[in-house]
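Everything in the sequence shown is counted per UniProt numbering, starting at 1 for the first residue and increasing by one.
For every residue, glycine included, the Cβ atom is placed at its ideal position computed from N, Cα and C.
Fair warning: this is a prediction, and the values are worked out from it, not measured in the lab.
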Amino acid sequence: MLCSISKINIPIPYSRKRVEIELNGRSLIITGGNGCGKTSFITAIYNYLKKGINDPQNNDIQHY
1 MLCSISKINI
11 PIPYSRKRVE
21 IELNGRSLII
31 TGGNGCGKTS
41 FITAIYNYLK
51 KGINDPQNND
61 IQHY
């Protein structure tokens, strides 16, 4: 089974803003200067996905 992320819609860590990115099968390259939040952004995505995987009752993490 091939799985991919089609859309990212999460709050930006340490900010009041949200980011919404439609991937539609494309790759995402994250760039930015030192201290702009790249690692925090990736960590937020990781934690989001981990939360869905750790819930065995839910095989569709789309609604998290």
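Sub-8 Å separation of residue i and residue j beta-carbons
| i | j | result |
| --- | --- | --- |
| I12 | G37 | yes |
| S4 | G32 | no |
Own chain, CB closer than 6 Å to residue i, minus 5 neighbours either side, in chain order
| i | result |
| --- | --- |
| A44 | I10, P13 |
| S40 | P13 |
| I21 | I8 |
Anticipated Cβ contact below 8 Å, residue i with residue j, distance rounded
| i | j | result |
| --- | --- | --- |
| S6 | L23 | 6 Å |
| I8 | V19 | 7 Å |
For residue i, the residue or residues it bridges with in DSSP
| i | result |
| --- | --- |
| N24 | According to DSSP, N24 bridges with nothing at all. |
| K7 | E22 |
Cut-off 8 Å between Cβ atoms - residues of its own chain near residue i, not counting five sequence neighbours on either side
| i | result |
| --- | --- |
| residue 141 | Residue 141 lies beyond the stretch modelled for the chain, which goes from 1 to 64, so this question has no answer here. |
| I42 | I30 |
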